[in-house]
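Position one of the sequence shown corresponds to residue 409 (the numbering used here), numbered consecutively onward. Using N, Cα and C, we set each Cβ at its ideal position, and we do this for glycine too. As the structure is a prediction and not an experimental result, all values here were calculated from the model. Please read the structure below before turning to the comments.
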Amino acid sequence: MSFALQLFDLVGIFVFALSGGVLAVRQRLDLFGVLVLACATAVTGGIVRDVLIGAIPPASLADWRYLATAMFAGVVTFFRHGSIERMRNPVLMFDAAGLALYAVLGTGKALAFGLSPFAATLLGIITGIGGGIARDLLVARTPVVLQQTELYAVAALAGGGIVAIAHALGWPQAPAMAVGALLCFGLRFGAIRRGWRLPVARGTDSDS
């Protein structure tokens, strides 16, 4: 992995870990709990991706910098959560940034391991949403990806799809990743701030 891609990977780890750490502080967990939730949020999606594509051991376990970055983000959140909470929806905003970075990086890594563009896009989605699912389940919340109110997996699909299409057409990867990440973040940001959502079926009875 090039230095630039590894740097983006670590940035993704950091922002995802921040989202887990902020939620842990809100749940009044102690320092250990904050670190656990920060690390689980940061590395779960990447571990699942690496196992599925045969990249063993997973990068987050083979390279100490991944867990160290996640733990550092957890410590920052624990001691500076007051400053972070001044942001509007910090958990969701950090999660959106992590989702965008991980969706495109996950797709790119899957393509590098020889997967088809379609399969690589699916792996990008898994990479992007895996950490958020782990975070929410650990604190007994319904994962955001399963909630009807917001675009989430669709944003990851759009971002990863840009990378996969660019690969299929032989276009440069770095600009495609930048465009894909911006598109994913933009869709997620719109969902958070503007309430963008997919349509749901009308006239159905949930009790039937």
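#1: Rounded to whole angstroms, what's the CA-CA distance from V552 to G598? Just pull it up for me.
#2: In whole angstroms, what separates the C-alpha of F530 from that of T515?
#3: From the DSSP output, in three-state form, read off M479 for me.
#4: Would a C-beta distance cut-off of 9 Å place Y474 and A508 closer than the cut-off?
#5: Are the CB atoms of A425 and T477 nearer to each other than 9 Å?
#6: Assign A508 to one of three DSSP states: helix, strand, or coil.
#7: By alpha-carbon positions, which one of L413, Q414, A446 and L519 ends up nearest to L577?
#8: Buried or exposed: where does T452 fall if 16 or more other Cβ atoms within 10 Å of its Cβ makes it buried?
#9: Would you call the CB atoms of G567 and G540 closer than 9 Å?
#10: How far does the alpha helix (DSSP H) with G536 in it reach, from first residue to last?
#11: Cβ atoms of P607 and A572: under 9 Å apart, would you say?
#12: Give the range of the alpha helix (DSSP H) segment to which V456 is assigned.
According to the structure shown:
#1: 15 Å
#2: Note on residue identity: the sequence assigns Leu, not Phe, to residue 530. Each residue's alpha carbon lies about 8 Å from the other.
#3: helix
#4: no
#5: yes
#6: helix
#7: L519
#8: buried
#9: no
#10: P525 to L546
#11: no
#12: L439 to I461
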